[in-house]
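Asks:
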Amino acid sequence: MFFSVVIPTYNRLPILEKCLRALEQQTYEATLIAGYEVVVVDDGSTDGTVAWLRQHQAELPHVVLFEQDHKGPAAARNLGVEKAQGDTIIFIDSDLVVLEGFLQSHAAALQAAQAKAGHDRFFTYGRVVNTANFDNPTSEPYKITDYSQAFFATGNVAIAKRWLMEAGLFDTQFTLYGWEDLELGVRLKNLGLSLIKVPEAVGYHWHPPFALEDVPSLIDKEIQRGRMGVLFYQKHPTREVRMMIQMTGLHRILWGALSLGGRLNEHTLAPLLRWLIAQGKPQLALEVARVFLNWYNVQGVYAAYAEMQQQGG
1 MFFSVVIPTY NRLPILEKCL RALEQQTYEA TLIAGYEVVV VDDGSTDGTV
51 AWLRQHQAEL PHVVLFEQDH KGPAAARNLG VEKAQGDTII FIDSDLVVLE
101 GFLQSHAAAL QAAQAKAGHD RFFTYGRVVN TANFDNPTSE PYKITDYSQA
151 FFATGNVAIA KRWLMEAGLF DTQFTLYGWE DLELGVRLKN LGLSLIKVPE
201 AVGYHWHPPF ALEDVPSLID KEIQRGRMGV LFYQKHPTRE VRMMIQMTGL
251 HRILWGALSL GGRLNEHTLA PLLRWLIAQG KPQLALEVAR VFLNWYNVQG
301 VYAAYAEMQQ QGG
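Spelled out as structure tokens, the structure:
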């Protein structure tokens, strides 16, 4: 098989460099993997990403660069898939750093599954470990908070290109934050594809340590995710999707109770969050902040749903 690793990027140059250099260090069996390319789609970056990639092309021989105006990750991934030369696509994000056996692990799992089943109606999903360690991201241990139940998430997944084309690629209506990959996952599931987890294909997802200054943007992301969740539900009006996007009475009661009806919010919890960060526990502070972030998400999804109903009426 020939892999095309598709990476959309937008103003992530420092960590993108680590991501791409790690992909250049891949080791694999030639009898299993014929070769690979790294398809980078720059989504209108303004931080010098394109200039840096062109300047360092000789050091990154597997990288193929494409550019587009800022249209979002769905459009960027679609462009990457359309331009990809490989028969098998791997999606990762531009802030993911992988180990040298990353491609080999995905390929071995795909080959073993196909030999057993006699078909390729499946995809592999690698492990994603979240880390704030920029200098040495791959030193981070796996944590319970890294566990994911997502069926199809583009942080670390490998799939035959033909299935993506048959499913129709990503829906570019998802212009705000969230859900475009899981929505495609529903269509793949409807085609009969199944998920094979490959924890050996590990990627380390870097993000800066949580700070109070991040709270407004995180709240905005949750509101955006609520709006995109309603679009997800419009396309697939099932109870399963309602659970995924937190548009149920259970979620309303849960996060309403935990946040005391919104009284535990970014203002009232700020002293506790500041203290936790000062104690060197930014991850714990983020977990505490999720109490009101989830409340904002639930409010956002119900507000967007009410708006949709009004427009429909």
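For what it's worth, the working numbering labels the leading residue of the sequence shown as 1, then goes sequentially.
C-beta: ideal position from N, C-alpha, C; glycine also.
Note that the structure is a prediction, hence the values are computed from the model and not measured.
What does the alpha-carbon distance come out to for the pair S194 and F123?
Replies: Near 7 Å, if we compare the C-alpha coordinates of F123 and S194.
Asks: Which residue marks the beginning of the beta strand (DSSP E) containing D42, and which one marks its end?
Replies: Looking at the DSSP string, the run of the beta strand (DSSP E) that includes D42 is 35 to 42.
Asks: How far does the alpha helix (DSSP H) with E17 in it extend, from its first residue to its last?
Replies: Taken as a continuous stretch (DSSP letters only), the alpha helix (DSSP H) holding E17 covers 13 to 23.
Asks: Can you look up W314 in the DSSP assignment and give me helix, strand or coil?
Replies: A question about residue 314 goes unanswered here, because the residues of the chain that appear run from 1 up to 313.
Asks: Just grab the DSSP bridge partners of I7 for me.
Replies: DSSP, once it has assigned bridges, lists V40 as partnering I7.
Asks: Beta-carbon separation of A289 and L258 under 8 Å?
Replies: The answer is no: Cβ separation not under 8 Å.
Asks: Excluding the 5 residues preceding and the 5 following W163 in the sequence, name in chain order all residues of the same chain whose CB lies nearer than 7 Å to its CB.
Replies: Correct list, in chain order: L188, L191, L193.
Asks: In whole angstroms, what separates the C-alpha of A112 from that of Q283?
Replies: Cα to Cα, the separation comes out at about 37 Å.
Asks: By DSSP's criteria, E67 is part of a beta bridge. Which residues make up the other side?
Replies: In the DSSP output, where bridge partners are listed per residue, E67 has D42.
Asks: I'd like to know whether the C-beta atoms of M1 and T138 end up nearer to each other than 8 Å.
Replies: For M1 and T138, no; Cβs fall outside 8 Å.
Asks: Indicate whether A201 and H106 have their beta-carbon atoms separated by less than 8 Å.
Replies: Yes. Within cutoff.
Asks: Compute the distance between the beta-carbons of D43 and Q68, then report whether it is under 8 Å.
Replies: In contact: D43 and Q68 (Cβ atoms closer than 8 Å).
Asks: Where does G313 fall in DSSP's three states?
Replies: Model confidence at G313 stands at a pLDDT of 49, short of 50, so the residue's coordinates are unreliable; what they give is reported in the following sentence. Looking at G313 - three-state DSSP - the assignment turns out to be coil, as it is neither helix nor strand.
Asks: Could you name each continuous alpha helix (DSSP H) segment of 4 residues or more that falls completely within the segment 83 to 133, going from the start of the chain to the end?
Replies: Segments of the alpha helix (DSSP H) lying fully in the segment 83 to 133: 102 to 117.
Asks: Mind checking who W206 pairs with in its DSSP beta bridge?
Replies: The partner list for W206 (beta bridge, DSSP) reads T131.
Asks: Quick check: the Cα distance between M244 and E17, rounded to an integer number of angstroms?
Replies: Cα to Cα, M244 sits roughly 33 Å from E17.
Asks: Thinking C-beta only, is L96 closer than 8 Å to Y204?
Replies: In this structure, L96 lies closer than 8 Å to Y204 by Cβ.
Asks: Of the choices R227, P209, Q310, N265, whose alpha-carbon is the least far from that of A278?
Replies: The shortest Cα separation from A278 among R227, P209, Q310, N265 belongs to P209.
Asks: Between which two residues does the beta strand (DSSP E) containing I159 stretch?
Replies: First-last of the beta strand (DSSP E) with I159: 156 to 160.
Asks: Within its chain, find whatever has a CB closer than 7 Å to the CB of R239; leave out the 5 residues flanking it on each side and keep chain order.
Replies: Answer for R239: no residue qualifies.
Asks: Hey, could you find the ends of the alpha helix (DSSP H) F232 is sitting in?
Replies: F232 -> alpha helix (DSSP H) spans 215 to 235.
Asks: Check this for me: beta carbons of V38 and I7, under 8 Å apart or not?
Replies: Yes. Within cutoff.
Asks: How about H56 and Y10: are their beta carbons less than 8 Å apart?
Replies: No, the Cβ-Cβ distance between H56 and Y10 is not below 8 Å.
Asks: Taking the C-alpha atoms as reference points, what is the distance between A84 and N265?
Replies: Those two C-alpha atoms are separated by around 45 Å.
Asks: Could you work out which residue in G256, H267, P199, D171 is closest to M228 when comparing CA atoms only?
Replies: Selected option, being the one with the closest Cα: D171.
Asks: Should K161 and G86 be called a contact, given that it needs their Cβ atoms to be closer than 8 Å?
Replies: Yes, the Cβ-Cβ distance between K161 and G86 is below 8 Å.
Asks: Can you give the Cα-Cα distance for G313 and Y305, rounded to whole angstroms?
Replies: Bear in mind that the predicted position of G313 carries a pLDDT of just 49, short of 50, making it unreliable; the figure below should be weighed with that in mind. Straight-line Cα distance between these residues: approximately 12 Å.
Asks: Can you tell me which residues form a DSSP beta bridge with K143?
Replies: Answer is none; K143 lacks a bridge partner.
Asks: Take K235 and list the residues in its own chain whose beta-carbon comes closer than 7 Å to its own, dropping the five residues that flank it on each side.
Replies: Correct list, in chain order: E183.
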